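In this note's numbering, the protein residues as written are 422 to 858.
The C-beta atom is built at its ideal place from N, Cα and C for all residues, glycine as well.
The structure displayed is predicted, hence computed values, not measured ones.
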Amino acid sequence: MKSFIKIALAATLALPVMVACSNEEDNLFDQSSADRLNTAVKEYAQLLQAAPNGWAMQYFTNDNEPGYTYILSFDPSMAVTIAGNNQWLGNKYAEETSVYKFITDNGPVLSLSSFNNVFHILADPIDVPTTSESELGYGHKGDYEFVVMEASDSQVRLKGKKYGQRIIMTPLPADVDWQTYLNDLTVLKNSMFNTRFEPLVLKNDKLNYSVSGMNTGVMNLVADGDDALTQTQTVNFIVTSTGIRCSKTWTAKDDLFQINEFERLEDGSLRLIVPEGEDVVITSRPLSEIYSTPGFTWRIDLDNTTGTFATLLSKIADDTKSALKRNFTGIDLSYVSSGVPQPTYALSFRMSGSSAAAYVYGSVTATGDNTVKIAYSTTEGNNNGVRRLADIPGLIPFINALAATEFTIETENVLSPSTIRLVSKANPADVIVVKIA
């Protein structure tokens with residue numbers, strides 16, 4: 422099974438003038454085209470049935486929807502069990518067994534024509550309930566019959582017979598639980614993309630695109646200098662265990678590069694997979710820009726802040742307990758526009774038993790793409806904030822330490838940096854961990 426079945430398919434369509442180069446090929450071409458096709462169909466069936474834990478299918482319907490992951494297990498009895506957990510299944514795991522077969526139509530065709538509630542919901546020609554238009558007669562435009570383009574025991578490439586979408590199947594490892602696999606993909610997708618941090622950037626050294634809509638599975642692309650209203654292009658994709666794959670190859674402006682499949686890197690960014698190693702990535706805007714976005718509130722993670730700042734926060738907690746008989750619950754570093762004389766960055770003090778806003782006014786300055794300076798006043802704020810400065814002596818040393826430090830911003834996921842580390846450039850042991858609130 423290691424060799425591609427496409428060799429047999431090519432032989433099926435070969436012209437009579439081709440000359441065999443070996444006894445093996447002589448035997449192949451001694452067969453009729455119908456016999457060769459039947460042989461290919463038989464080998465393809467055996468290949469599908471040989472995967473002990475089934476196949477993960479990257480399934481696309483139309484260009485306006487994301488890809489959907491299904492798992493299919495093919496039995497020699499011609500029964501197929503199909504599992505999924507997409508939004509059309511209520512985002513819940515479901516599986517059902519139906520019947521499959523092979524038909525011949527200028528090549529082997531895998532037919533899933535026996536109705537399956539898990540799978541055919543995307544092939545049923547019904548009106549899609551979430552749109553304002555009527556799709557009666559074609560529905561999602563999902564195929565249930567697939568032309569075999571090429572196949573090996575490591576990957577099967579299919580093409581929808583009616584609508585032509587490219588479908589890929591890969592075998593699942595024997596020890597992988599189906600429901601866990603599908604749930605993990607959902608968790609991965611949700612962790613990779615967050616509209617709060619868009620637009621993202623797709624770029625190489627010659628061209629930048631602004632990217633949005635990644636959480637929907639259909640990215641919107643606008644090249645620098647283009648009009649977003651009239652020149653936005655869309656590309657749908659599917660999240661895989663290693664990155665994302667687009668439904669089709671998309672060509673960038675001026676043919677500078679093409680995008681199709683991306684691998685997820687250690688920092689969460691996505692790098693284009695191409696044989697030539699073209700350096701095209703989907704990444705974030707500068708982290709300093711994201712951190713200082715008006716409207717964002719970053720909550721200090723008291724348990725994971727380290728070094729000098731952990732010591733100073735502990736002093737604030739002690740002072741809050743002794744002076745106000747309350748428990749210190751945290752500090753938010755935010756941008757506020759209501760309840761203040763004018764919109765401003767602010768340090769917000771929080772303690773138990775009080776929901777009243779206690780703001781100390783300040784500023785955030787980007788000193789580089791991934792570096793910032795954070796400064797807050799020790800005298801100016803709203804009434805509650807000024808009172809906290811007077812009541813809690815430990816606040817002022819903490820504010821002074823912030824102002825004296827230039828921070829490098831780090832994150833484990835640049836596409837969705839909901840948790841970031843503010844690391845002192847002078848002493849990397851001094852770290853403030855903040856989470857988007």
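Asked: Using 8 Å as the threshold, is the C-beta distance between Ile-703 and Ser-690 below it?; Found: yes
Asked: Can you give the Cα-Cα distance for Asp-724 and Thr-732, rounded to whole angstroms?; Found: 12 Å
Asked: Given that a residue counts as buried once 16 or more other Cβ atoms are within 10 Å of its Cβ, and exposed if not, what is Pro-838?; Found: buried
Asked: Kindly provide the ranges of any alpha helix (DSSP H) runs that are 4 or more residues long and lie completely inside the segment 680-747, ordered along the chain.; Found: 708-712, 729-745
Asked: Helix, strand or coil for Ile-813, going by three-state DSSP, please let me know.; Found: coil
Asked: For the alpha helix (DSSP H) containing Asn-604, list its first residue and its last residue.; Found: 599-613
Asked: Name the two residues that bound the continuous beta strand (DSSP E) containing Lys-794.; Found: 792-802
Asked: Report the three-state DSSP secondary structure of Lys-583 (helix, strand or coil).; Found: coil
Asked: With DSSP run on the structure shown, which of helix, strand or coil describes Pro-473?; Found: coil
Asked: Look at the alpha carbon of Asp-447 and the alpha carbon of Ser-553, and state the distance between them as a whole number of angstroms.; Found: At Asp-447, the pLDDT of 47 sits below 50, so the modelled position is not reliable; the number obtained from the coordinates is stated separately. Between Asp-447 and Ser-553, the C-alpha separation is close to 59 Å.
Asked: Does the distance from the C-beta atom of Phe-770 to that of Gly-728 stay below 8 Å?; Found: no
Asked: Which residue marks the beginning of the beta strand (DSSP E) containing Ala-767, and which one marks its end?; Found: 765-772
Asked: Give the range of the alpha helix (DSSP H) segment to which Ala-595 is assigned.; Found: Element bounds for Ala-595: n/a, residue is neither H nor E.
Asked: If you measure between the beta carbons of Pro-818 and Val-639, is that distance less than 8 Å?; Found: no
Asked: When you compare only the Cα positions, how much space is there between Leu-609 and Val-660?; Found: 8 Å
Asked: Tell me whether Thr-788 is buried or exposed, calling it buried when 16 or more other Cβ atoms sit within 10 Å of its Cβ.; Found: exposed
Asked: Rounded to a whole number of angstroms, what is the C-alpha to C-alpha distance between Phe-614 and Thr-607?; Found: 11 Å
Asked: Helix, strand or coil: how does DSSP classify Lys-624 here?; Found: strand
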